[in-house]
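Going by our numbering, the first residue of the sequence shown is number 2, and it counts up by one from there. C-beta: ideal position from N, C-alpha, C; glycine also.
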Amino acid sequence: MIILKKEKMDQITLQRIKTLHPKIRKEALDLYLLINNKMLGKGVRLRFSYTFRTFQEQDELYNQGRSKPGKKVTNAKGGQSIHNYGLAFDIVILYDKNNDGIFEEASWDTKRDGDKDGIPDWLEVTKILIEAGYTNGFISNGKKWDLPHFQKDFGLSWKQMLTKINTGDFITENINGYNYKYINI
Ligand SMILES: [Zn+2]
């Protein structure tokens, strides 16, 4: 059983997990609690920087990258990212360097050992997510910018997921006034 320590939780992440696909929502929350309570020590905390992204948000992100050369954020348009179906999340590790309870630094450093347990924090986090069946974007395509990306796609491509949306093969859930669409799996 996981003992919940409130001070270990990132409230922003807890809110974001609520928008993940119902099929992985509970599991993602359990993993998040396990990682923060058991794996990461004092001054180190996990955040999900992105979970569900609407088609519109995805298009905005895609266009952002196109207006400034060399600043491409994503190759995926609305519907082409697993985030658009709530089946992906991106991670970042937060650090409270002076132990004042404020996690002032966000890091994607894969070597840093903030809790000084001899294992890089990034490795502790990614190992457990991969063991739980999540595919890491960096391992699957070797692109550095996909390093923080994890997904569980249940063997479906984004095209198959999009077809489900277009043919009405989904459920909706109203969360904080927004109607989220979740494909049937
Ligand atoms: Zn991602």
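request  = Would you kindly work out how many angstroms separate the C-alpha atoms of Gly178 and Lys160, rounded to a whole number?
outcome  = Take the alpha-carbon of Gly178 and the one of Lys160: they are about 27 Å apart.
ask   = Is there at least one non-hydrogen atom of ligand 1 closer than 6 Å to the beta-carbon of His150?
value = The nearest non-hydrogen atom of ligand 1 is less than 6 Å from the C-beta of His150.
request  = Please report the residue range of the beta strand (DSSP E) in which Tyr51 lies.
outcome  = 45-51
query = If you draw a straight line from the C-alpha of His22 to the C-alpha of Pro121, how long is it?
reply = C-alpha separation (whole angstroms): 29 Å.
inquiry  = Threshold first: 3 residues or longer. Then list the beta strand (DSSP E) segments lying entirely within the region 81-156, N to C.
reply    = 89-96, 106-108, 150-152
task = Check the C-beta distance from Gly1 over to Gly44 and give it rounded, since I have them as a contact under 8 Å.
result = In the structure as shown, the chain starts at 2 and stops at 186, and residue 1 therefore has no counterpart that could be examined.
query = Is the number of C-beta pairs between the region 134-145 and the region 50-68 that are closer than 8 Å three or more?
reply = no
inquiry  = Using a Cβ-based criterion (distance less than 6 Å to any ligand heavy atom), does Asp91 qualify as near ligand 1?
reply    = yes
Lys24 - DSSP class collapsed to helix/strand/coil = helix
query = Thr168 by DSSP, collapsed to three states: which one?
reply = Coil, per DSSP.
query = Would Lys165 pass as a contact of Ile140 if the rule is Cβ separation under 7 Å?
reply = no
message = Check whether the region 84-97 and the region 47-64 touch, using three or more Cβ-Cβ pairs below 8 Å as the test.
response = yes
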